[in-house]
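Residue numbers (this note's numbering), protein chains in the order written: chain A, 19 to 350; chain B, 34 to 318.
Glycine included, C-beta positions come from ideal geometry on N, C-alpha and C.
All of these numbers come straight from a predicted model, not from anything done at the bench.
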Amino acid sequence: MDKGGSRPPADPVPWKGLLAFVGVVLLLGYPFVLTAPFPQHLMIRIFLFAALAQAWNILGGYCGQISLGHAVFFGIGAYASTMLLIYWHLSPWLGMLAGVVLSLVATLVIGYPTFRLRGHYFAIATIAVGEIARVLVTNWPLAGGAVGLYVPLLRESLRTFEFHTTKVPYYYISLLLFVAVTATTSFLEHSRAGYYFRAIKADPDAARSLGIPIHRYKLLALALSAAFTAVAGSFYAQYVLYIDPESVLPLMLSVIICLVAVLGGVGSLWGPLLGAVVLIPLSEGTRVYLAGMGGAGRAFDLIVYGAMIVLMSVFEPTGLVGLWQRARRAWR
Amino acid sequence: MILLQGVVNGVLLGLVYALIAAGLSLIFGLMEIVNFAHGQHLMLAMYGAYWLAVLYGVDPLLSLPLWAFALFLLGVATYWLVIARVLRAPMLAQIFSTFGLGVFLQSLAQFVWSPDFRLVPSPLVKGRVEAFGLFVGIPELVASIGAVVAFSVLYLFVTRTESGMALQATSEDREAAALVGINSHRMFALGWGMGLACVGVAGVLLSNFYYIFPEVGFPFALIAYVAVALGGFGSIPGAFVAGIIIGLTEVLSGLLIGPAYKYLFVFLIYLVVVIVRPQGLFGRY
Chain A
19 MDKGGSRPPA
29 DPVPWKGLLA
39 FVGVVLLLGY
49 PFVLTAPFPQ
59 HLMIRIFLFA
69 ALAQAWNILG
79 GYCGQISLGH
89 AVFFGIGAYA
99 STMLLIYWHL
109 SPWLGMLAGV
119 VLSLVATLVI
129 GYPTFRLRGH
139 YFAIATIAVG
149 EIARVLVTNW
159 PLAGGAVGLY
169 VPLLRESLRT
179 FEFHTTKVPY
189 YYISLLLFVA
199 VTATTSFLEH
209 SRAGYYFRAI
219 KADPDAARSL
229 GIPIHRYKLL
239 ALALSAAFTA
249 VAGSFYAQYV
259 LYIDPESVLP
269 LMLSVIICLV
279 AVLGGVGSLW
289 GPLLGAVVLI
299 PLSEGTRVYL
309 AGMGGAGRAF
319 DLIVYGAMIV
329 LMSVFEPTGL
339 VGLWQRARRA
349 WR
Chain B
34 MILLQGVVNG
44 VLLGLVYALI
54 AAGLSLIFGL
64 MEIVNFAHGQ
74 HLMLAMYGAY
84 WLAVLYGVDP
94 LLSLPLWAFA
104 LFLLGVATYW
114 LVIARVLRAP
124 MLAQIFSTFG
134 LGVFLQSLAQ
144 FVWSPDFRLV
154 PSPLVKGRVE
164 AFGLFVGIPE
174 LVASIGAVVA
184 FSVLYLFVTR
194 TESGMALQAT
204 SEDREAAALV
214 GINSHRMFAL
224 GWGMGLACVG
234 VAGVLLSNFY
244 YIFPEVGFPF
254 ALIAYVAVAL
264 GGFGSIPGAF
274 VAGIIIGLTE
284 VLSGLLIGPA
294 YKYLFVFLIY
304 LVVVIVRPQG
314 LFGRY
């Protein structure tokens with residue numbers, strides 16, 4: 019890191035380890051300290067969106083394929099677990115697994131043709147795929163059409179994946195989800211696939227000429243990304259207990275997923291969390307404080323998001339993580 | 034007869050699509066950047082026409098030149114403030130600079146003007162005419178005629194005038210154009226101005242008969258992407274033909290299969306075209 023050589027060697031006190039330990043204790047203890055529903059709800063949404071943005075990051079940040087249609091996979095997860103529970107009385111946990119399998123099938127259907135497209139073409143294709151999925155589900159009576167589906171109320175337990183009196187289990191499940199995606203991403207960073215992803219992002223032609231099977235690795239990135247997004251979709255359905263095309267399949271969801279990732283810092287491990295920590299409280303806060311303004315209050319957070327994204331793209335495309343690194347360099 | 038009526042409606046609609054797509058295509062052909070805020074720019078023009086009509090009683094048709102010019106200025110400003118700074122940035126930054134702008138404009142419209150649906154009260158052009166047993170809405174007719182006129186002006190500008198030639202030269206080869214003394218920054222700014230002026234004209238024409246709300250631009254923008262891909266990125270005549278094909282597809286599939294599915298087929302066209310013939314009908318790539 020320090021090429022100047024003027025810096026002393028690493029600290030004798032393992033600050034990093036200590037800091038991580040304190041962080042873990044704080045995260046695990048949080049729902050016992052802040053027992054009110056709102057702070058817990060806030061953290062659940064932060065973890066959910068950090069996980070979604072991290073999943074998007076695998077494909078968009080590391081592999082450089084910009085998807086504006088990730089709501090498709092979220093919707094697949096949400097509808098798979100809910101419909102299997104309603105029609106076959108299948109446990110949502112198994113439904114979640116089914117959602118993953120279905121999202122992998124969707125990956126092949128979507129990825130195989132669209133990965134021949136480049137850059138802007140691919141981004142627009144993902145919007146088209148997302149809109150097609152939304153139209154199809156809205157007109158599918160078995161999926162509740164535009165009205166949506168209620169998740170049947172069952173006795174609360176970990177087995178049924180329903181908790182009506184407390185949000186604490188949801189807190190830990192969403193935390194676990196985020197940790198799982200981040201651990202996968204962290205593993206990828208140093209694996210062969212991770213290097214291939216970055217090579218594809220930097221220059222697909224050069225990557226191909228070096229013998230990297232780029233289609234296969236793009237599909238791998240999409241599959242990983244889609245699977246985690248589907249899991250998050252099932253989690254959302256079990257958390258809110260109601261889904262409809264406007265809540266789990268809208269373009270705006272795809273947009274927010276990538277805004278979180280892009281604002282935090284694409285292609286970096288902690289960017290998605292940083293993005294979620296900044297953006298989600300902002301949107302939850304405006305929703306609460308500007309609720310009196312009717313529909314108008316809903317948009318305020320997005321005004322700020324939009325402006326931030328434009329400023330980021332223009333001045334610091336590496337996101338908040340890049341800004342943080344720049345600040346640290348300046349401070350030293 | 035119903036089918037013939039559908040064909041007429043489809044062509045009328047398609048001509049407006051063609052104008053919106055032409056603006057997008059012009060910008061893309063020039064610098065290979067997609068304006069992801071295209072629909073929101075359209076929305077701004079529609080609101081502009083609406084507010085002038087409501088607050089000062091100026092009919093949209095009369096305020097059309099004003100909004101075309103305002104959008105032209107907005108395009109030039111957008112280029113200098115945002116786009117010029119991401120020209121050499123990674124594609125991700127290019128996509129999200131205009132995409133973020135779109136999110137910003139749409140949310141701002143929702144915040145300032147609320148999500149209500151609005152309609153211009155008693156516009157100058159209204160009602161419908163009947164000819165050969167076919168009904169044609171006059172506002173729709175005026176919109177498509179206006180679109181054709183604007184389109185022709187754009188086409189003549191690009192192919193016949195010196196600035197248009199310089200624009201074409203820049204889109205062919207930026208460096209070579211610079212060598213013969215064409216300032217590519219100025220050409221890009223001109224392209225953004227012209228591109229947004231097209232949406233400005235289209236927006237005002239649409240405001241005569243279309244509901245106006247913050248998300249109104251989005252489907253139009255999606256259709257414009259499809260039209261540009263179908264016609265060939267950067268090809269202005271391509272955008273014209275593609276706009277009509279898409280208008281026809283939308284109306285006819287809505288008629289024959291069901292209104293809920295009309296956009297489905299439009300998006301399917303996009304996927305089929307970019308996979309089977311990525312350069313589009315008239316594209317260079």
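- Between the region 223–234 of chain B and chain A, which residues of the former have a C-beta closer than 9 Å to a C-beta of the latter? none
- Can you pull the DSSP bridge partners for B:Y50? In the second sequence, counting from the first residue as 1, residue 50 of chain B sits at position 17. None; B:Y50 has no bridge partner.
- Message: Less than 9 Å between CB atoms is the rule here; does B:S364 satisfy it with respect to chain A?
- Response: Lying before the first or after the last residue shown, residue 364 of chain B is absent from chain B, which here runs from 34 to 318.
- Query: Counting pairs of Cβ atoms below 8 Å between the region 80–94 of chain B and the region 130–141 of chain B, do you hit three or more?
  - Reply: With the rule of 3 Cβ pairs closer than 8 Å, the region 80–94 of chain B does not count as touching the region 130–141 of chain B.
- Query: Mind checking whether the beta-carbon of A:A348 lies closer than 8 Å to any heavy atom of the ligand NAP?
  - Reply: As for the ligand NAP, it is missing from this structure, which has no ligand bound.
- chain B partners of A:V280, CB-CB under 8 Å? Here the question's residue 280 of chain A lines up with position 262 in the first sequence. Neighbours of A:V280 on chain B, chain order: L125, F129.
- Message: Closest to A:T247 by C-alpha separation, out of A:G82, A:A124, A:F50, would be which residue?
- Response: Here the question's residue 247 of chain A lines up with position 229 in the first sequence. Per the Cα distances, A:A124.
- Please state whether DSSP places A:R344 in a helix, a strand or coil. Reading the first sequence from its first residue, position 326 is the one you call residue 344 of chain A. Helix, per DSSP.
- Looking only at DSSP bridge pairs, what is A:E334 linked to? Numbered from its first residue, the first sequence carries residue 334 of chain A at position 316. Answer is none; A:E334 lacks a bridge partner.
- Query: Would A:W349 be called buried (16 or more neighbouring beta carbons within 10 Å of its own) or exposed?
  - Reply: Within the first sequence, numbered from 1, the residue matching residue 349 of chain A stands at position 331. Under this definition A:W349 is an exposed residue.
- Could I get the ranges of all uninterrupted beta strand (DSSP E) runs contained in the region 110–173 of chain B, with 3 residues as the minimum, in chain order? 161–164, 167–170
- Query: Of all the options B:A122, B:V213, B:I269, B:I60, which has the alpha carbon lying nearest to the alpha carbon of B:A51?
  - Reply: Here residue 51 of chain B refers to the residue found at position 18 of the second sequence. Ranking the options by Cα distance to B:A51, first place goes to B:I269.
- Is A:E264 helix, strand or coil when you go by DSSP? Numbered from its first residue, the first sequence carries residue 264 of chain A at position 246. Note: A:E264 maps to helix in three-state DSSP.
- Message: Strictly below 7 Å CB to CB, what residues from chain B border A:V328?
- Response: The residue you call residue 328 of chain A lines up with position 310 of the first sequence. Going along chain B in sequence order, the residues near A:V328 (Cβ under 7 Å) are V115, S130, G133, L134, F137.
- Task: Measure the C-alpha to C-alpha separation of B:G228 and A:L44 and round it to an integer number of angstroms.
- Result: Translated into the one-based positions of the second sequence, residue 228 of chain B becomes position 195. Translated into the one-based positions of the first sequence, residue 44 of chain A becomes position 26. The alpha-carbon atoms of B:G228 and A:L44 are separated by roughly 53 Å.
- Query: Looking only at its own chain, which residues have a Cβ that is under 7 Å from the Cβ of B:W113, when we skip the five neighbours before and after it?
  - Reply: As a position in the second sequence, residue 113 of chain B is number 80, starting the count at 1. Cβ neighbours of B:W113 beyond the five flanking positions: A222.
- Return no unless some Cβ of chain B is closer than 9 Å to the Cβ of A:S331. For the purposes of this step, residue 331 of chain A is taken as residue 313 along the first sequence, with counting starting at 1. True, the Cβ-Cβ gap to chain B drops below 9 Å.
- Query: Would you say A:T156 reaches chain B, if we count a Cβ-Cβ gap shorter than 9 Å as a contact?
  - Reply: Here residue 156 of chain A is taken as the residue at index 138 of the first sequence, counted from 1. Taking 9 Å as the threshold, the shortest C-beta distance from A:T156 to chain B falls below it.
- Considering only residues of the same chain and omitting the five flanking positions on each side of A:L281, which have a CB-CB separation below 7 Å? Residue mapping note: residue 281 of chain A aligns to position 263 of the first sequence, counting from 1. Only G293, V296, L297, M326, I327, M330, G337, L338 meet the Cβ criterion.
- Task: To the nearest angstrom, report how far apart B:A272 and A:V147 are at their CA atoms.
- Result: Sequence index remark: in the second sequence, residue 272 of chain B carries index 239 (1-based). Sequence index remark: in the first sequence, residue 147 of chain A carries index 129 (1-based). So the two alpha carbons sit approximately 22 Å from each other.
- Are the region 247–255 of chain B and the region 76–86 of chain B touching by the rule of at least three beta carbon pairs closer than 8 Å? yes
- Message: Are the CB atoms of A:L277 and A:E149 within a distance shorter than 9 Å?
- Response: Stepping through the first sequence from its first residue, residue 149 of chain A is reached at position 131. Stepping through the first sequence from its first residue, residue 277 of chain A is reached at position 259. The Cβ atoms of A:E149 and A:L277 lie no closer than 9 Å to each other.
- Item | Paired residues, beta bridge with A:V168 - DSSP | Translated into positions along the first sequence, residue 168 of chain A becomes position 150. The question names Val, but residue 168 of chain A is Tyr in the sequence shown. Partner(s): A:Y260.
- In this structure, does DSSP put B:I245 in helix, strand or coil? If you number the second sequence from 1, residue 245 of chain B lands on position 212. If DSSP states are grouped into helix, strand and coil, B:I245 belongs with the strands.
- Message: With a threshold of 9 Å between beta carbons, is B:E65 in contact with chain A?
- Response: Translated into positions along the second sequence, residue 65 of chain B becomes position 32. Judged by the 9 Å Cβ criterion, B:E65 is in contact with chain A.
- the region 227–245 of chain A in contact with the region 46–64 of chain A per 3-pair CB rule at 8 Å: no
- Message: Quick check on A:S272: does DSSP put it in helix, strand or coil?
- Response: Residue mapping note: residue 272 of chain A aligns to position 254 of the first sequence, counting from 1. In the structure shown, A:S272 sits in a helix (DSSP, three-state: H, G or I).
- Query: Just to confirm, are B:L263 and B:A275 a CB contact at a threshold of 9 Å?
  - Reply: Here residue 263 of chain B corresponds to residue number 230 of the second sequence, with the count starting at 1. Here residue 275 of chain B corresponds to residue number 242 of the second sequence, with the count starting at 1. Their beta carbons are under 9 Å apart, which means B:L263 touches B:A275 by this criterion.
- Query: With contact counted as at least three CB pairs below 8 Å, one residue from each stretch, are the region 64–76 of chain A and the region 216–227 of chain A in contact?
  - Reply: With the cut-off at 8 Å, the region 64–76 of chain A and the region 216–227 of chain A do not touch.
- Message: Considering only their Cβ atoms, is the gap separating A:L115 from A:F385 smaller than 9 Å?
- Response: The shown model of chain A, from 19 to 350, leaves out residue 385 of chain A, and the question about it has no answer.
- Specify the secondary structure class of A:E353 as computed by DSSP and reduced to three states. Because chain A here runs from 19 to 350, residue 353 of chain A falls outside it and cannot be looked at.
- Query: Does any C-beta atom of chain B lie closer than 9 Å to the C-beta of A:T178?
  - Reply: The residue given as residue 178 of chain A occupies position 160 in the first sequence. With 9 Å as the cut-off, A:T178 does not count as an interface residue toward chain B.
- Query: Do you know how far the Cα of B:L85 is from the Cα of B:Y303?
  - Reply: Numbered from its first residue, the second sequence carries residue 303 of chain B at position 270. Numbered from its first residue, the second sequence carries residue 85 of chain B at position 52. When rounded, the distance between both Cα atoms is 36 Å.
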